[in-house]
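Colleague:
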Amino acid sequence: MRAFAAAVFLAALAGASGAAQLSVSVHTARGAAVSDAVVWLEGIGAKYNPSAAEIGQRDREFEPMVTVVSTGARVLFPNRDKVKHHVYSFSAAKTFAIQLYSGTPAEPIVFDKAGVVVIGCNIHDWMLAYVAVVDSPWFAKSAADGRTEIANVPAGRYTVHVWHPYQKLQLETETVELATIQTRREMKFTLDIAPPAPKQRQPVGDTY
Ligand SMILES: [Cu+2]
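Below, the structure written as structure tokens:
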């Protein structure tokens, strides 16, 4: 009887190691692909090591504009311009400032709270970046074709979240049940976006 229980336990462990892949595509109601949409899965028992990321500055713009990381992520802000930048955020999920600097600050900024962090530059008013900090190891950002792939998701039940900085409405979440080994599932979301009018780039000197 004891041996039987052990065998059942081992079978359950083997099942838990099976991983699924979720493909989520995001389009507008008119069918245009939506890039830079953040997709993440909320599930029970998610364990992960915080990710790391870089948000650079080049030609007085942030790159990338949208970043998704897991909570606790360490993010570097390398300045690849000859001019200085002053990177900051007043967002509730992370308030910080990296005073006027060149090169790459030695210390990363740690995003220790889930939420959306909007980042600007105090010198160049038009510069904007967004960091979606999620309590999950399963996340992705849509490419130019509107598609995302989230791989190595253990079998289980998940809530699927979609967010975009230019979304008109926050989408309702959807639930997905991912089962067994090597399952590939596809989901489609419709999200209408309204990009803001671009802020005028001001003529600036060689120093700033
Ligand atoms: Cu700047």
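In this note's numbering, the protein residues as written are 27 to 234.
Glycine residues also receive a C-beta, built at the ideal position from the N, C-alpha and C atoms.
#1: Starting from the Cα of Val144, find the closest Cα among Asp161, Ser117 and Arg56 and give me that residue.
#2: Is it the case that the CB of Arg86 approaches a heavy atom of ligand 1 more closely than 7 angstroms?
#3: Would you check if there are 3 or more beta carbon pairs closer than 8 angstroms linking the stretch 56-73 to the stretch 122-138?
#4: Run through DSSP, which three-state label would Ser162 get?
#5: Which residues share a DSSP beta bridge with His111?
#6: What distance in whole Å lies between the Cβ atoms of Met153 and Val186, which are believed to be in contact at a cut-off of 8 angstroms?
#7: Alpha carbon to alpha carbon, what distance is there between Thr54 and Lys194?
#8: For Gln83, is the classification buried or exposed, using 16 other Cβ atoms within 10 angstroms of its Cβ as the cut-off for buried?
#9: Compute the minimum distance between the beta carbon of Gln83 and the heavy atoms of ligand 1, and state whether it is under 7 angstroms.
#10: For Val202 and Ala177, I'd like the C-alpha separation in whole angstroms.
#11: Flag this pair as yes or no: are the beta carbons of Ala119 and Val159 separated by less than 8 angstroms?
Modeller: Once the coordinates are examined:
#1: Here residue 144 refers to the residue found at position 118 of the sequence shown. Checking every option, the nearest Cα to that of Val144 belongs to Ser117.
#2: As a working note, residue 86 is residue 60 in the sequence shown. Within the cutoff, so yes.
#3: no
#4: Here residue 162 is taken as the residue at index 136 of the sequence shown, counted from 1. Three-state result, Ser162: coil.
#5: The residue you call residue 111 lines up with position 85 of the sequence shown. DSSP, once it has assigned bridges, lists Tyr127 as partnering His111.
#6: Against the sequence shown, residue 186 aligns to sequence position 160. Against the sequence shown, residue 153 aligns to sequence position 127. That pair is no contact at about 31 angstroms.
#7: Within the sequence shown, the letter at position 168 stands for residue 194. Within the sequence shown, the letter at position 28 stands for residue 54. Those two C-alpha atoms are separated by around 11 angstroms.
#8: Within the sequence shown, the letter at position 57 stands for residue 83. With 16 or more other Cβ atoms within 10 Å, it is buried.
#9: Translated into the one-based positions of the sequence shown, residue 83 becomes position 57. For ligand 1, at least one heavy atom lies less than 7 angstroms from the Cβ of Gln83.
#10: The count along the sequence shown starts at 1 and reaches residue 202 at position 176. The count along the sequence shown starts at 1 and reaches residue 177 at position 151. Cα-Cα distance, rounded: 14 angstroms.
#11: Sequence index remark: in the sequence shown, residue 119 carries index 93 (1-based). Sequence index remark: in the sequence shown, residue 159 carries index 133 (1-based). The answer is yes: Cβ separation under 8 angstroms.
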